[in-house]
Each structure stands twice: as C-alpha cells, then as structure tokens.
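Participant: In this note's numbering, the protein residues as written are 4 to 306.
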Amino acid sequence: MTRYSGIWPVAPTPFHDDGTLDLDGMKRGLDCLIDQGADGICVLANYSEQFLISDEERAILTRLSLEHVAGRVPVIVTISHYATQIAVERARFAKSLGADMVMMMPPYHGALLKGTPEQTFEQFRMVGEVGIPIMVQDAPLSGVDLPVSLLVRMAREIEEVRLFKIECPKAANKLRALIAEGGDAIEGPFDGEEGITLLADLDAGATGSMTSGMIVDQIKPVIEKHHAGDMEGATASYARVAMAINHENRQCGWQSCKAAMVEGGVIRSEFCRHPIPPLHPAIRQRMIDLLQPLDPMVLNWDR
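Below you can see the structure in the form of structure tokens.
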C-alpha cells in the first residue's frame with residue numbers, strides 16, 4: 004500500500020464568539036484529530052473556511068499547526084490562489100515551516116475567471132519547482148474542468164504532483180480512469196466530500212479519503228477493512244455511519260464538525276464568520292442525534 008493512504012481529515016478553524024481566531028481551540032482540534040487516528044491532517048482547506056481567513060491569519064495558523072503537530076502525522080497546507088505568484092509564495096512558506104505537502108485547486112476567481120488547461124498546468128508546474136509534494140484538489144467549487152488527460156499529464160511531467168483529491172460528480176468513474184491511465188504516476192488517489200461516495204471510490208482504487216474532522220475514528224475502519232479485502236466488513240462499517248455522513252454533506256457542511264467539537268468540549272464556539280449563517284437548531288440537533296449512537300470520540304474527547 005502506498006504511503007499516501009488512510010484518512011486525512013480537514014482541520015476546522017475555530018473562532019471565538021467575537022470572530023477572532025481561537026488558537027488554543029485550534030491546538031485542541033488538531034490533538035483531537037490525531038487522537039481519533041488521523042493518518043494525516045489538512046489545514047486551511049475549504050472546510051477550514053479558508054475563504055473567510057486573512058493572509059495574516061493564514062500565516063499564523065500554518066505556523067501554529069505545524070509546530071503543534073510536530074511531526075506526529077503528516078500535515079498538508081492548502082495554498083490555492085488564482086495568482087500563481089501567491090500560490091508559489093504560499094508553497095515556499097509552508098515548506099519553510101516543515102509542511103509535508105501542499106494542496107491546491109486550479110486557478111479560479113469567482114464564476115468567470117477560470118484557468119485554461121495550459122494555465123492550470125503551468126501554475127502547478129511553478130509550484131512544483133518549490134520542491135514539495137502537491138495534492139491536486141478536483142472540486143466543484145473551482146468550476147474548472149480537470150479532465151483525466153490533464154491530470155495524468157501533470158502527474159507524469161511535474162515531479163511533485165503525486166496526490167489527487169477527486170470530489171467531482173461521479174468521482175469513482177474519474178478515479179478509476181485516472182488510475183488506469185496514469186499507472187504508477189498516480190501515487191495517492193483520494194476521495195473527498197466527507198466520504199459520501201467512499202465505498203464506490205475505494206472500489207475504484209482510492210487509497211485514502213480526505214473527510215471532515217467530525218468522525219475520523221468511525222470512518223477509518225471502512226478504509227482499513229476495504230484495504231484488507233474485507234468487503235463485507237467495510238460495507239457494514241460504512242452503513243453504520245452513512246446517515247451521519249449524508250446529513251453532514253447535504254445539510255451542514257463544515258459546521259457539523261464544529262458543532263460536534265463543541266458538544267465534546269474540544270472547542271468552545273462553533274462561530275462562523277459572516278456571511279455564513281449559524282446552523283438551524285433543528286438541523287444541528289439532527290446531526291448530534293445521528294452521532295450519539297455511534298459514540299464517536301469527538302463527543303467524549305474532553306470528558
């Protein structure tokens with residue numbers, strides 16, 4: 004099995020109720036993810052609310068995360084930006100602090116500024132020159148089409164492009180094609196979207212999953228059993244958590260992880276910066292009701 008495997012959750016970014024960064028909460032969140040059995044951790048991703056965080060805060064969180072994790076698990080730092088120069092600078096900064104890899108979406112800004120295939124290739128090539136492994140994030144949020152042929156070209160021609168987080172519609176089909184066409188150049192095919200298509204993606208050859216940080220300890224057995232060839236066990240383990248994952252993905256987004264961490268005393272506040280509204284109380288309560296029978300570590304971490 005590739006070294007790029009297992010469950011690599013996205014760490015949430017905790018805020019105080021006044022909207023300022025909760026740095027102690029960030030440390031506690033990272034510890035909780037490690038205690039849940041995370042094989043790696045991603046910071047400053049979309050589920051970390053990267054689009055609501057200033058550049059100065061990004062630097063603070065990058066340094067804090069890498070220093071606090073201190074090599075206990077690999078850390079991925081998200082560096083996505085429309086401007087290639089800024090993406091390169093972010094990659095250099097992450098590397099200088101000891102990040103194990105970076106993750107980036109293709110260049111985009113809003114609905115209309117989207118990188119062409121050649122511009123996307125060039126941005127990843129220039130970040131690759133920094134000399135740090137890159138995970139390509141193929142996410143609907145960017146609105147940029149990343150055909151398998153382009154991903155395979157990047158994997159073969161850019162040394163540091165090694166991992167792929169595929170979370171587009173029909174991800175399993177794309178993963179299967181990517182692995183078939185890319186061969187050994189595809190070192191770490193991952194899925195995303197909280198694991199809502201995890202079984203199909205594992206069947207297609209995904210070696211890992213980048214979920215939220217909500218129930219890492221509950222999803223990890225699905226991946227481990229599947230890799231061990233225990234399909235019946237993997238299916239049963241997934242069926243156990245599927246309703247919670249569905250509610251998270253379709254109703255709550257990243258706020259589900261924050262709600263669970265507040266319930267378990269990991270962080271103090273589930274505040275999200277405007278214009279993100281709070282979870283509806285009924286939606287939040289349904290999330291907690293779905294989690295409690297699973298007895299996940301996140302609900303008991305501080306007890």
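Each residue gets a CB set at the ideal place from its N, CA and C atoms; glycine is no exception.
Note that this is a predicted model, so its numbers are computed, not measured.
Is the separation between the beta-carbon of residue 133 and that of residue 98 shorter than 8 Å?
Facilitator: Their beta carbons are under 8 Å apart, which means residue 133 touches residue 98 by this criterion.
Participant: Whole angstroms is fine: what's the gap from residue 186's alpha carbon to residue 271's?
Facilitator: Roughly 45 Å between the two C-alpha positions.
Participant: Alpha carbons only, please: which of 237, 224, 222 and 196 is nearest the one belonging to residue 206?
Facilitator: That would be 237, whose Cα lies nearest to the Cα of residue 206.
Participant: Go ahead and pull the three-state DSSP assignment for residue 173.
Facilitator: Coil at residue 173, not helix or strand.
Participant: Looking at residue 65: is its Cβ nearer than 8 Å to the Cβ of residue 126?
Facilitator: No, the pair does not count as a contact, with Cβ atoms beyond the cut-off.
Participant: Determine the contact status of residue 1 and residue 213, defining contact as a CB-CB distance below 8 Å.
Facilitator: Lying outside 4 to 306, the shown extent of the chain, residue 1 is not represented and no answer is given.
Participant: Among residues of its own chain, excluding the 5 on either side of residue 268, which ones have a beta-carbon nearer than 8 Å to its beta-carbon?
Facilitator: Excluding residues within five positions, the ones whose Cβ falls inside 8 Å are 304, 305 and 306.
Participant: Sorted by chain position, which residues of the same chain lie with C-beta nearer than 7 Å to residue 331's C-beta, five sequence neighbours on each side aside?
Facilitator: Nothing about residue 331 can be read from this structure; the chain reaches only from 4 to 306.
Participant: To the nearest angstrom, report how far apart residue 3 and residue 209 are at their CA atoms.
Facilitator: Only positions 4 to 306 of the chain appear in this structure, which leaves residue 3 out of reach.
Participant: Are residue 20 and residue 274 touching if we call contact CB-CB under 8 Å?
Facilitator: Contact flag set, yes.
Participant: Taking just the CA atoms, how far does residue 168 sit from residue 12?
Facilitator: Their Cα atoms are separated by approximately 12 Å.
Participant: Just confirm the distance between the C-beta atoms of residue 78 and residue 44, as a whole number of angstroms; I'd bet it's less than 8 Å.
Facilitator: Correct: roughly 5 Å between the Cβ atoms.
Participant: What's the C-alpha gap between residue 203 and residue 175?
Facilitator: Between residue 203 and residue 175, the C-alpha separation is close to 6 Å.
Participant: If you drop the 5 nearest sequence neighbours on each side, which residues of the same chain put their C-beta closer than 8 Å to that of residue 63?
Facilitator: Only 24 and 26 meet the Cβ criterion.
Participant: I'd like to check one pair, residue 115 with residue 218: are the Cβ atoms closer than 8 Å?
Facilitator: No, they are not a contact pair.
Participant: Do residue 109 and residue 261 have their beta-carbon atoms positioned less than 8 Å apart in this structure?
Facilitator: Not a contact, by the Cβ cut-off of 8 Å.
Participant: Which residue's Cα is closest to the Cα of residue 9: 278, 279, 220 and 243?
Facilitator: Nearest of 278, 279, 220 and 243 to residue 9, Cα basis: 220.
Participant: Report the three-state DSSP secondary structure of residue 296 (helix, strand or coil).
Facilitator: Helix at residue 296.
Participant: Short check: CB of residue 248 to CB of residue 170, under 8 Å?
Facilitator: Not closer than 8 Å, so no.
Participant: If residue 211 sits next to residue 226, beta carbons under 8 Å apart, how far is it from one beta carbon to the other, in whole angstroms?
Facilitator: Confirmed, Cβ separation roughly 7 Å.
Participant: Would you report the Cα separation of residue 4 and residue 230, rounded to the nearest angstrom?
Facilitator: Here the model assigns residue 4 a pLDDT of 49, short of 50, so the residue's position is not dependable and the matter cannot be decided.
Participant: Counting only the same chain and skipping the five closest in sequence on each side, list residues whose C-beta sits under 6 Å from that of residue 286.
Facilitator: Taken in chain order, the residues that qualify are 254.
Participant: Would you please state the rounded distance, in angstroms, between the beta carbons of residue 90 and residue 107? I believe it to be under 8 Å.
Facilitator: At roughly 6 Å, the Cβ-Cβ gap stays under 8 Å, so residue 90 and residue 107 are in contact.
Participant: Just reading off the alpha helix (DSSP H) that residue 258 is part of, what are its end residues?
Facilitator: Element bounds for residue 258: 258-266.
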